[in-house]
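In what follows, a structure is listed as structure tokens, so that the remarks can point back to it.
This is the structure in structure tokens:
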């Protein structure tokens, strides 16, 4: 069942001199199985949005409907159930690690829910597999011996072990190298394909979202300013730039080629696809020259 | 975010007390504290009470501030007074009197500290302390280092509060319930916040040390200051008035 957001407004420290509007009048439907990327400058309300979806924050106004339940109406002592369904991976999840080895760390969540030893074991194993952490190799390692990327993946596995139906990731790629990002892309894609997990990823770098998302949302000043499919980026370069976001280079190249009058297909996602389109176009050009 | 105003938090402002030199405020507070302890009950203590209340009004940080930050200390005062009533070896009437005496003194002392902390930024407070303690440098006492440690720890408190809130939220989204009914379970759950917090603070300490060293920071040696502290006539007046109050109570 999809997530429906109806007219959500959130104001921090309402009624004090420090009052700050984070989100204003958000209307949004998130379909099942979607991988949604949310972009925006710092302070645009991205993180607030995620915390609203998993019940850590409550909106000042509006409804958030997850699986047909309005989670804004759920009492505080039952909200934990929502957090299991809607798993939120915080920025720098490696900071929250506190157990002495990787297995115990990932097992903490399920155990805390009262799941028995055997099922916990299964869950930890799957979570580790999904995040590309080899079970035998990593289960007994101490978290502080791991590399930054590996720690990050343990942090994500912590949440995956709860078997959430929706996964929210806040800046999962921050301070990771290409290899680290690639591993996380793989996890997200696999999770999406095998379990159909709806995923929402927040990032301030559009380039990081392009390889994995299929829908893009740009927030600015607490409002949704742009809501497009990911392969439509090249069509909206101007709008994206006006919002203070720098678009991926390959989309920009395609946009300018198109603008110069080249008859090129700009509906692409990755750099490789863009290169192929350009090559294809150059090929047709060659043929024209030959036949002409 | 932590809701109420923290104990001893600085409230920016531009009152007479805000503009005073931190050194004179520290000296004034010390006189008030010593004077209150040595004063005779009730007249002299009453004079000190009046003095701190006037100072509180002059500080212009609002009654709310004093009320909010005194609230947790009210328990301390009440408990102390309670034991005074319960355990002292005098007659009941006298015991109540003694309890009130003690409670009042505690209140005055805490209140005068509040005036100091509310009107003096941590930075100027520590630099004032450094100036005041500088004679100790002659006997090789590491004044500057000590003050640096104080400044850093004061600076880091808000960061830890932020970390605490953030990690707590992260653990909540892992299904940890901090509203657990059983206290033991709740405390156990807080371990999941404390351990990461400890690790982060160690990391931060190491990072800060590296950053300071890479900028060639050295504690010893003459360091100059951007804002040089200077006594004004107001400062002498302030110390004079408070010192005068003290002398009057001694004379009484």
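Residue numbers (our numbering), protein chains in the order written: chain A, 632 to 923; chain B, 137 to 388. Quick reminder that beta carbons are idealized off the backbone N, C-alpha and C, glycines included.
Contact under 8 Å by Cβ, residue 879(A) with residue 872(A): Start at 1 with the first residue of the first chain, and residue 879(A) comes out as number 248. Start at 1 with the first residue of the first chain, and residue 872(A) comes out as number 241. No. Outside cutoff.
Pair within 8 Å by beta-carbon distance, residue 170(B) and residue 247(B): Mapped onto the second chain, residue 170(B) falls at position 34. Mapped onto the second chain, residue 247(B) falls at position 111. In terms of Cβ geometry, residue 170(B) and residue 247(B) do not form a close pair [threshold 8 Å].
Members of the segment 760-791 of chain A that neighbour chain B once the beta carbon cut-off is set at 7 Å: Of all residues in the segment 760-791 of chain A, 789 and 790 have a Cβ within less than 7 Å of some Cβ in chain B.
Interface residues of chain A facing residue 234(B) [CB-CB closer than 7 Å]: As a position in the second chain, residue 234(B) is number 98, starting the count at 1. Correct list: empty, because the minimum Cβ distance to chain A is about 42 Å.
Compute the beta-carbon to beta-carbon distance between residue 385(B) and residue 183(B), rounded to the nearest angstrom, for a pair I have assumed lies under 8 Å. Here residue 385(B) corresponds to residue number 249 of the second chain, with the count starting at 1. Here residue 183(B) corresponds to residue number 47 of the second chain, with the count starting at 1. Indeed they touch by this definition, with Cβ atoms about 6 Å apart.
With respect to the alpha helix (DSSP H) encompassing residue 248(B), which residues constitute its N-terminal and C-terminal limits? Here the question's residue 248(B) lines up with position 112 in the second chain. Residue 248(B): member of the alpha helix (DSSP H) spanning 228-255, first to last residue.
Selected residue, minimal CA-CA separation from residue 359(B), among 186(B), 225(B) and 267(B): Within the second chain, numbered from 1, the residue matching residue 359(B) stands at position 223. When 186(B), 225(B) and 267(B) are compared, the shortest CA-CA separation from residue 359(B) is found for 267(B).
Straight-line CA distance for residue 918(A) to residue 824(A)? Mapped onto the first chain, residue 918(A) falls at position 287. Mapped onto the first chain, residue 824(A) falls at position 193. Whole-angstrom Cα-Cα distance: 40 Å.
Does the distance from the C-beta atom of residue 667(A) to that of residue 831(A) stay below 8 Å? Reading the first chain from its first residue, position 36 is the one you call residue 667(A). Reading the first chain from its first residue, position 200 is the one you call residue 831(A). A Cβ-Cβ contact shorter than 8 Å links residue 667(A) with residue 831(A).
Tell whether a beta-carbon distance below 8 Å holds between residue 684(A) and residue 840(A). On the first chain, position 53 is the one that residue 684(A) refers to. On the first chain, position 209 is the one that residue 840(A) refers to. No, Cβ-Cβ distance for residue 684(A) and residue 840(A) is not below 8 Å.
Ignore the nearest five residues each way along the sequence and tell me which others in residue 226(B)'s own chain have a CB closer than 8 Å to its CB. Reading the second chain from its first residue, position 90 is the one you call residue 226(B). Here the set comprises 234.
Can you list the residues of chain B that residue 718(A) reaches, using a CB-CB cut of under 8 Å? Your numbering for residue 718(A) matches position 87 in the first chain. Residues of chain B passing the Cβ test: 309.
Chain A partners of residue 260(B), CB-CB under 9 Å? Locating residue 260(B) in the second chain gives position 124, where the first residue counts as 1. The premise fails here: residue 260(B) is roughly 24 Å from chain A at the closest Cβ pair, so nothing lies under 9 Å.
Say whether chain B places a C-beta atom closer than 8 Å to the C-beta of residue 685(A). Your numbering for residue 685(A) matches position 54 in the first chain. Yes, its Cβ sits closer than 8 Å to a Cβ of chain B.
With 8 Å as the C-beta to C-beta threshold (strictly closer), list the residues of the segment 687-714 of chain A near chain B in chain order. Going along the segment 687-714 of chain A in chain order, one finds 687, 707, 708, 711 and 714 with a Cβ nearer than 8 Å to chain B.
Rounded to a whole number of angstroms, what is the C-alpha to C-alpha distance between residue 853(A) and residue 366(B)? Translated into positions along the first chain, residue 853(A) becomes position 222. Translated into positions along the second chain, residue 366(B) becomes position 230. So the alpha carbons of these two residues sit roughly 47 Å apart.
Is it a yes or a no for the segment 798-817 of chain A touching the segment 732-739 of chain A, going by three-plus beta-carbon pairs under 8 Å? No, the segment 798-817 of chain A is not in contact with the segment 732-739 of chain A.
Taking the C-alpha atoms as reference points, what is the distance between residue 640(A) and residue 326(B)? By 1-based counting over the first chain, the position of residue 640(A) is 9. By 1-based counting over the second chain, the position of residue 326(B) is 190. For the pair residue 640(A) and residue 326(B), the Cα-to-Cα distance works out to about 31 Å.
Under 8 Å, do residue 836(A) and residue 860(A) count as touching if we go by C-beta distance? Position 205 of the first chain, counted from the first residue, corresponds to residue 836(A). Position 229 of the first chain, counted from the first residue, corresponds to residue 860(A). Pairing residue 836(A) with residue 860(A) gives a Cβ-Cβ distance that is not under 8 Å.
Going by alpha carbons, who is nearest to residue 757(A) out of 772(A), 793(A), 782(A) and 745(A)? Position 126 of the first chain holds residue 757(A). Relative to residue 757(A), the option among 772(A), 793(A), 782(A) and 745(A) whose CA is nearest is 793(A).
Helix, strand or coil: which one does DSSP assign to residue 697(A)? As a position in the first chain, residue 697(A) is number 66, starting the count at 1. In this structure, residue 697(A) counts as strand in the three-state DSSP scheme.
Any Cβ of chain A within less than 8 Å of the Cβ of residue 331(B)? Locating residue 331(B) in the second chain gives position 195, counting from the first residue. Interface residue (Cβ-Cβ distance to chain A less than 8 Å): residue 331(B) is classified as such.
Between residue 388(B) and the rest of its own chain, which residues show a CB-CB distance below 7 Å, the 5 nearest in sequence each way excluded? Numbered from 1 along the second chain, position 252 holds the residue referred to as residue 388(B). Only 179 and 180 meet the Cβ criterion.
Shorter than 8 Å from the beta carbon of residue 190(B) to some beta carbon of chain A? Indexing the second chain from 1 puts residue 190(B) at position 54. Against chain A, the CB of residue 190(B) has no partner CB under 8 Å away; the residue lies outside that interface.
Only counting runs of 3 or more residues, tell me where the beta strand (DSSP E) segments fall wholly within the segment 775-855 of chain A, in order along the chain. Correct list: 797-801, 829-834 and 846-851.
Using a 10 Å radius around the Cβ and a threshold of 16 neighbouring Cβ atoms, would you call residue 323(B) buried or exposed? As a first step, residue 323(B) is located in the second chain; it is residue number 187 there, counting from the start. Residue 323(B) sits exposed, since fewer than 16 C-beta atoms from the chains shown fall within 10 Å of its C-beta.
Buried or exposed for residue 160(B), please, with buried defined as at least 16 other CB atoms from any protein chain shown within 10 angstroms of its CB. Locating residue 160(B) in the second chain gives position 24, where the first residue counts as 1. Under this definition residue 160(B) is a buried residue.
My guess is that residue 168(B) and residue 378(B) are in contact by the Cβ rule of under 8 Å, so how many angstroms apart are they, rounded? Along the second chain, read from residue 1 onward, the residue named residue 168(B) stands at position 32. Along the second chain, read from residue 1 onward, the residue named residue 378(B) stands at position 242. In this structure residue 168(B) is in contact with residue 378(B), their Cβ atoms being roughly 6 Å apart against a cut-off of 8 Å.
Checking 8 Å against the spacing of the C-beta atoms, do residue 696(A) and residue 713(A) come in under that value? For the purposes of this step, residue 696(A) is identified with residue 65 of the first chain, where counting begins at 1. For the purposes of this step, residue 713(A) is identified with residue 82 of the first chain, where counting begins at 1. Going by C-beta atoms, residue 696(A) is not nearer than 8 Å to residue 713(A).
Straight-line gap, residue 669(A) to residue 635(A) (C-alpha atoms, nearest Å): Residue numbering aside, residue 669(A) sits at position 38 when the first chain is read from its first letter. Residue numbering aside, residue 635(A) sits at position 4 when the first chain is read from its first letter. Residue 669(A) and residue 635(A) have their alpha carbons spaced roughly 16 Å apart.
In chain order, what residues of the same chain lie with their CB nearer than 6 Å to the CB of residue 173(B), ignoring the 5 residues before and after it? Locating residue 173(B) in the second chain gives position 37, where the first residue counts as 1. Result list for residue 173(B): empty, nothing under 6 Å.
Are the segment 772-782 of chain A and the segment 722-731 of chain A in contact at 8 Å, needing three or more beta carbon pairs? Segment contact: the segment 772-782 of chain A against the segment 722-731 of chain A, three or more CB-CB distances shorter than 8 Å; contact assigned.
Using a C-beta cutoff of 8 Å, does residue 328(B) count as contacting chain A? The count along the second chain starts at 1 and reaches residue 328(B) at position 192. So, interface residue.
Pair within 8 Å by beta-carbon distance, residue 191(B) and residue 242(B): The residue labelled residue 191(B) in the question sits at position 55 within the second chain. The residue labelled residue 242(B) in the question sits at position 106 within the second chain. Against a cut-off of 8 Å, the Cβ pair of residue 242(B) and residue 191(B) comes out as no contact.
Limits of the beta strand (DSSP E) - the one that residue 637(A) falls within: Taking the first residue of the first chain as 1, we reach residue 637(A) at position 6. DSSP places residue 637(A) inside the beta strand (DSSP E), whose first and last residues are 634-643.
Can you look up residue 860(A) in the DSSP assignment and give me helix, strand or coil? Translated into positions along the first chain, residue 860(A) becomes position 229. Three-state DSSP puts residue 860(A) in a strand.
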